[in-house]
Amino acid sequence: MELTVARNAGFCFGVEKAVSAVYEAVGQKNRIYTYGPIIHNETVVEDLTRRGVGVIHSLEEVDRLAAESAESGEKITIVIRSHGVSEDVISHIQKSGLSVIDTTCPFVSRIHQLVEDASKKGSQIVIIGNAGHPEVVGTMGWSHEPAAVIGTAEEAEHWDGDLSRPVLVVAQTTFNTDKFQELVAILQRRAYNIAVVNTICNATRMRQQEARRVAAQSDVMIVIGGKSSSNSAKLYEICRKECRDTYFIQTVKDLPERDFSTLRVGITAGASTPKNIIEEVQNYVRTGRREF
Ligand code: F3S
Numbered sequence: 047m048e049l050t051v052a053r054n055a056g057f058c059f060g061v062e063k064a065v066s067a068v069y070e071a072v073g074q075k076n077r078i079y080t081y082g083p084i085i086h087n088e089t090v091v092e093d094l095t096r097r098g099v100g101v102i103h104s105l106e107e108v109d110r111l112a113a114e115s116a117e118s119g120e121k122i123t124i125v126i127r128s129h130g131v132s133e134d135v136i137s138h139i140q141k142s143g144l145s146v147i148d149t150t151c152p153f154v155s156r157i158h159q160l161v162e163d164a165s166k167k168g169s170q171i172v173i174i175g176n177a178g179h180p181e182v183v184g185t186m187g188w189s190h191e192p193a194a195v196i197g198t199a200e201e202a203e204h205w206d207g208d209l210s211r212p213v214l215v216v217a218q219t220t221f222n223t224d225k226f227q228e229l230v231a232i233l234q235r236r237a238y239n240i241a242v243v244n245t246i247c248n249a250t251r252m253r254q255q256e257a258r259r260v261a262a263q264s265d266v267m268i269v270i271g272g273k274s275s276s277n278s279a280k281l282y283e284i285c286r287k288e289c290r291d292t293y294f295i296q297t298v299k300d301l302p303e304r305d306f307s308t309l310r311v312g313i314t315a316g317a318s319t320p321k322n323i324i325e326e327v328q329n330y331v332r333t334g335r336r337e338f
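47 is the number of the first residue of the sequence shown in the working numbering; add one for each residue after it.
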């Protein structure tokens, strides 16, 4: 059997930094909450829950915790995850009196800055990405006027921006590079005066390129990632095009009983997949034994 594990599989720099920051904070006295699950990986989130880390989802919960902390004197820390949040959310948390650990990935902060500056100067903002993804929602919140989110060719064809005003186009950091170029080309063809900054992060770009290469040389491809991880879903999409026999799994438990011994097998993983989960899959493919 030939087994190829992509070198760029698993935690990226931003996720690594965010997850380590939470584990470091756990050892301190403060009660810790993450604003949304720290990453799209149930195993990591469950482990943190066991260590007493809570997850909150709204500013109402921030206010409730601030009131509790003021009453009891107990110190509480809110961790902002690598996806980042809108300007309103971060300033609300900062004003609440609770401690903040901001692990927004610097590549995401750069997008916030671009969007804020351009919209302040009068540009319309288009984010090429998935509407509803937390990073996109956060980025929208840095624009001084409502930003548009475009994720499909149809949306690019029908976007009704103002043709007389400039447009800044940025991307969700984990968006598919080919699709980004396709959607930008549509906007350009429709004669919009656009400035394009390809903000797809390098880690994503390299991960996608490598996944495509490995999948093209494999009989079976395995993509490991959380169900709600959009970068993992995109990896699956890319691999599936090159290799029809592609699995999208969360852990080794999701793989069927199968003899891989005569096949060329490729493995890649999304940015929120911890190393040990990749190793478990690797071991199973090599030995046929699952170790949980
Ligand atoms: Fe940051 Fe890129 Fe990861 S934007 S969080 S290093 S995918």
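A virtual CB, placed ideally from N, CA and C, is assigned to each residue, including glycine.
Going by the C-beta, is residue i closer than 6 Å to any heavy atom of the ligand F3S?
i, result
"G130", "no"
"T123", "no"
"T149", "no"
"A317", "yes"
"G56", "no"
"G60", "yes"
"F226", "no"
"F153", "yes"
"C285", "no"
"T223", "no"
"T219", "yes"
"C289", "no"
Can you tell me which residues form a DSSP beta bridge with residue i?
i, result
"Q170", "V213"
"Y81", "I102"
"R310", "E48"
"M267", "T292 and G312"
"T123", "I78 and S145"
"I240", "V213"
"V195", "I173"
State the CB to CB distance for the pair residue i and residue j, rounded to an integer number of angstroms; the pair is presumed to be in contact (CB under 8 Å).
i, j, result
"Y81", "V154", "With 8 Å as the limit, Y81 and V154 do not qualify as a contact, their Cβ atoms being about 14 Å apart."
"V51", "I324", "7 Å"
"M47", "V311", "6 Å"
"C247", "V269", "The Cβ separation is near 18 Å, so there is no contact."
"I124", "V146", "5 Å"
"Y79", "G100", "4 Å"
"A315", "G271", "6 Å"
"A144", "S115", "Here the sequence assigns Leu to residue 144, which means Ala is not the residue at that position. Right, their Cβ atoms sit about 6 Å apart."
"S142", "D93", "With 8 Å as the limit, S142 and D93 do not qualify as a contact, their Cβ atoms being about 27 Å apart."
"S318", "H86", "5 Å"
"E326", "T297", "7 Å"
"V260", "N239", "Not a contact, Cβ separation roughly 40 Å."
"T89", "P320", "7 Å"
"T220", "S274", "At roughly 13 Å, the Cβ-Cβ gap does not stay under 8 Å, so T220 and S274 are not in contact."
"I126", "R77", "So it is not a contact: roughly 16 Å between Cβ atoms."
"L209", "A237", "6 Å"
"A249", "T149", "Between T149 and A249 the Cβ distance is about 15 Å, and since that is not below 8 Å, they are no contact."
"L105", "H129", "So it is not a contact: roughly 16 Å between Cβ atoms."
Any heavy atom of the ligand COA closer than 6 Å to the beta-carbon of residue i?
i, result
"T250", "In the structure shown, the ligand COA is absent; the only ligands present are the ligand F3S."
Examine chain D for any beta-carbon lying closer than 7 Å to the beta-carbon of residue i, and answer yes or no.
i, result
"Q263", "Of the protein chains in this structure there is only one, and it is not chain D."
Taking 8 Å as the threshold, find out whether the stretch 186-197 comes into contact with the stretch 239-258 through three or more Cβ pairs. Not touching, per the Cβ criterion.
Does the count of Cβ pairs from the stretch 52-63 and the stretch 253-263 closer than 8 Å reach three? Look at the beta carbons and you see the stretch 52-63 touching the stretch 253-263: at least three pairs across the two are nearer than 8 Å.
For the pair the stretch 211-229 and the stretch 173-180, tell me if three or more CB-CB distances fall below 8 Å. The stretch 211-229 is in contact with the stretch 173-180.
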